[in-house]
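Note that the sequence shown covers residues 2 to 315 in my numbering.
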Amino acid sequence: MDWEHRIGRRLKPRDLYIFMAVAEDGTMAKAAERLAISRPVVSKTIANLERTLGVLLFDRGPQGVEPTLYGRTLLKRSIVIFDELRQSVKDIEFLADLRAGELHVGSNETMTSGLVSAVIERLSRQHPKLVFHLQVGTIPSLQSHFLRERKCEVVIGRPWAAAPEPDMDIEPLFHERVFIVAGPRNRWVGRRKIRLDDLADEPWILSQVETEPGLPVAEAFRAIGSSIPRAAIVCGSINLRNRVLAAGRFLTAVPSSVLHFAPQPTLYKVLPIELPRWHLPVSIMTLKNRTLSPMAQLFIGCLRELAKPLIKLR
Numbered sequence: 002m003d004w005e006h007r008i009g010r011r012l013k014p015r016d017l018y019i020f021m022a023v024a025e026d027g028t029m030a031k032a033a034e035r036l037a038i039s040r041p042v043v044s045k046t047i048a049n050l051e052r053t054l055g056v057l058l059f060d061r062g063p064q065g066v067e068p069t070l071y072g073r074t075l076l077k078r079s080i081v082i083f084d085e086l087r088q089s090v091k092d093i094e095f096l097a098d099l100r101a102g103e104l105h106v107g108s109n110e111t112m113t114s115g116l117v118s119a120v121i122e123r124l125s126r127q128h129p130k131l132v133f134h135l136q137v138g139t140i141p142s143l144q145s146h147f148l149r150e151r152k153c154e155v156v157i158g159r160p161w162a163a164a165p166e167p168d169m170d171i172e173p174l175f176h177e178r179v180f181i182v183a184g185p186r187n188r189w190v191g192r193r194k195i196r197l198d199d200l201a202d203e204p205w206i207l208s209q210v211e212t213e214p215g216l217p218v219a220e221a222f223r224a225i226g227s228s229i230p231r232a233a234i235v236c237g238s239i240n241l242r243n244r245v246l247a248a249g250r251f252l253t254a255v256p257s258s259v260l261h262f263a264p265q266p267t268l269y270k271v272l273p274i275e276l277p278r279w280h281l282p283v284s285i286m287t288l289k290n291r292t293l294s295p296m297a298q299l300f301i302g303c304l305r306e307l308a309k310p311l312i313k314l315r
């Protein structure tokens, strides 16, 4: 295509905005109502876009419209264009007032309970007008849904695959250590020598991830020729673990980052048992070729700073 004459001079951001609304709403009538413009204007805009590009962007049917292969391709790039425009306005606002701004971050619950909370707390004191939007979920979901769809700028956690996704930048921070802990009233607290097999019949709280073969808890029991203990509670919630640990009977595995940044350090009593580290490092994940906002850069800088003690931890 002749970009300069056929496309560059004729394609307008407003046309793309209307196109995105039609793709999202599924009908031109709904898009017109939402945008507070007439349906003929919407219809004419889509027709002009199709004429300019020389392809059909929508399949028309009695129930509405559906993006064609060409329409889906244009939609994907249009989302990027408007995300960059939206972000540029936020960057300008932040640069005009260095205390203000918004940042969308994704994290799993483990990181949220420790390192990420510490970063947010520090930055909120330094920049009181900063607003943080935190999405908590599994790393695959955060990568595929929130990062790729530009609903967050940064994801912090442990990737589930050693090879990075081709469209993402992965910056390793540290390899997490895992400790077996009990509550202050547990009968094992205070003992100098404990063997791992001594704890096989104790009531455990474990997440689904921690019971998977090759990961620290399962690997430690495999090394002594024992299968992983049957968990009395299978749950990834840090809040639930804290509540149940306080009662005294249960054991669980807690990462070093949670212990380091724990608001209630006296709750966790580390038992004298060595577990292997996680093979994959906790990492900062961002989308390739996406310009990071000043807020995201501040956040990443603070992550690196607060993670230093965890890097040194042996």
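Here a beta-carbon is modelled for each residue, glycine too, at the ideal position from N, C-alpha and C.
Please read all numbers here as calculations on a predicted model, not as lab measurements.
Practice task
Just confirm the distance between the C-beta atoms of L272 and I181, as a whole number of angstroms; I'd bet it's less than 8 Å.
Solution key: 5 Å
Practice task
Flag this pair as touching only if the region 290-308 and the region 84-92 have three or more C-beta atom pairs under 8 Å; answer yes or no.
Solution key: yes
Practice task
Please classify R52: is it buried, with 16 or more other beta-carbons within 10 angstroms of its beta-carbon, or exposed?
Solution key: exposed
Problem - Contact the region 278-285 vs the region 227-237: 3+ CB pairs below 8 Å - result: no
Handout entry: Opposing strand residues paired with H176 [DSSP bridges]
Key = For H176, which the question treats as bridged, DSSP gives no partner whatsoever.
Handout entry: One or two residues paired with V156 in a DSSP bridge
Key = G107 and M286
Problem - Buried/exposed call for M2, threshold 16 Cβ in 10 Å - result: Bear in mind that the predicted position of M2 carries a pLDDT of just 48, short of 50, making it too unreliable to give a figure here.
Exercise for the section: Identify every residue that forms a DSSP beta bridge with V1. Expected result: The requested residue 1 is not part of the displayed model; the chain covers only 2 to 315.
Handout entry: Same chain, Cβ closer than 8 Å to A248, neighbours up to 5 away in sequence not counted
Key = G184 and R186
Exercise for the section: Count the other CB atoms, across all protein chains shown, that sit within 10 Å of the CB of E154; report buried if there are 16 or more and exposed otherwise. Expected result: buried
Problem - Proximity below 9 Å, CB of I239 to CB of T111 - result: yes
Problem - Candidates V132, P160 and L70: closest to S142 by CA position - result: P160
Practice task
Kindly indicate the opening and closing residues of the beta strand (DSSP E) around R278.
Solution key: Here R278 belongs to no beta strand (DSSP E), and DSSP marks it neither H nor E.
Handout entry: Nearest residue (CA-CA) to H73, options L86, F83, F59 and Q64
Key = The residue you asked about is not His; residue 73 is Arg in the sequence shown. The candidate whose alpha carbon is nearest that of R73 is F59.
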